[in-house]
Structure formats: C-alpha cells, structure tokens
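**Student:** Have a look at this one before I ask anything.
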Amino acid sequence: MDEKDQQEMVRRVLARVREEYGFVPLVSEMMSERPDIYLPYSEMSSGLFFRPRHLDRRTAELAAIAAGAALGSENCLGVHIPQALKLGLSEDEIMEAMFVGSFMSMNRSNSIALRCLKAARGNQG
Numbered sequence: 759m760d761e762k763d764q765q766e767m768v769r770r771v772l773a774r775v776r777e778e779y780g781f782v783p784l785v786s787e788m789m790s791e792r793p794d795i796y797l798p799y800s801e802m803s804s805g806l807f808f809r810p811r812h813l814d815r816r817t818a819e820l821a822a823i824a825a826g827a828a829l830g831s832e833n834c835l836g837v838h839i840p841q842a843l844k845l846g847l848s849e850d851e852i853m854e855a856m857f858v859g860s861f862m863s864m865n866r867s868n869s870i871a872l873r874c875l876k877a878a879r880g881n882q883g
C-alpha cells in the first residue's frame, strides 16, 4: 500500500473511531501520524473490542475497565467506561470490574512488599 492509500485508510479508520466514540482518543490521533504503525494497531484494537472472537463486546469492555483501573489509566477509563454504558452495562457491573482491577493491582503491590518483608525476616536470624 502506497503512502496515499495509507493516508486514505487512516482517514477512514479515524472517521469510524469518531463515529463509535464521539471523538478520536489521543493515542489514535497521535499514532495516526505514522500509518505504518497506526493501521496495524487500529486493526488489533478493532479485533479486540469490536470483533472479539471468544468474548462478547461487553466482556471485552469490562476487561479493559479492569485493566485500566489496575494500571491507573484515567484516559483509557475515559474511553471504555462510556463505551460500556453505551453497550448497556450497568454502573454496578462497571464498578465491580473496576474493583477487580484495583484489587489485582493492590494485591500485586502486597505480594512484592510482603516478599521483601519475609526476606528481611530471614536475614535477621
């Protein structure tokens, strides 16, 4: 695909993104300046969120919300929470996904810190 074709494809993809989300997320906006990188990225994103093979779209959005909560990614949550609501998920379902992600993040921190404490105990004896 030549550069002109890539630019046209990027234009179409961004139009679909804008239609779906109501705006173009910053990551898509900035990455679209590099069609060679953005087009494969966009295809992966579409496959995961709009054409998942083994999850339904609602579950994929809940997974994104849980991951966004775990990673503290406010911008990702700002994309995926409205999308989940648009797909008919309740606020309770969304909050539970957030709590799952937050718990996993907290437990990771606990696991690291408690292993360090256990190791320090072993070094004192």
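Everything in the sequence shown is counted per this note's numbering, starting at 759 for the first residue and increasing by one. Even glycine gets a Cβ: it sits at the ideal position worked out from N, Cα and C.
1. Measuring CB to CB, does Cys938 end up less than 8 angstroms from Ala822?
2. Can you determine whether any heavy atom of the ligand FAD sits closer than 7 angstroms to the C-beta of Gly805, and answer yes or no?
3. Could you check how far apart the C-beta atoms of Leu797 and Val768 are, in whole angstroms? I think they sit under 8 angstroms.
4. Would Leu784 pass as a contact of Arg816 if the rule is Cβ separation under 8 angstroms?
**Tutor:** Taking the coordinates as given:
1. The structure shown has nothing for residue 938, since the chain only spans 759 to 883.
2. As for the ligand FAD, it is missing from this structure, which has no ligand bound.
3. Sequence index remark: in the sequence shown, residue 797 carries index 39 (1-based). Sequence index remark: in the sequence shown, residue 768 carries index 10 (1-based). Contact holds; Cβ gap of about 7 angstroms.
4. Taking the sequence shown and counting its residues from 1, the one referred to as residue 784 is at position 26. Taking the sequence shown and counting its residues from 1, the one referred to as residue 816 is at position 58. Not in contact: Leu784 and Arg816 (Cβ atoms no closer than 8 angstroms).
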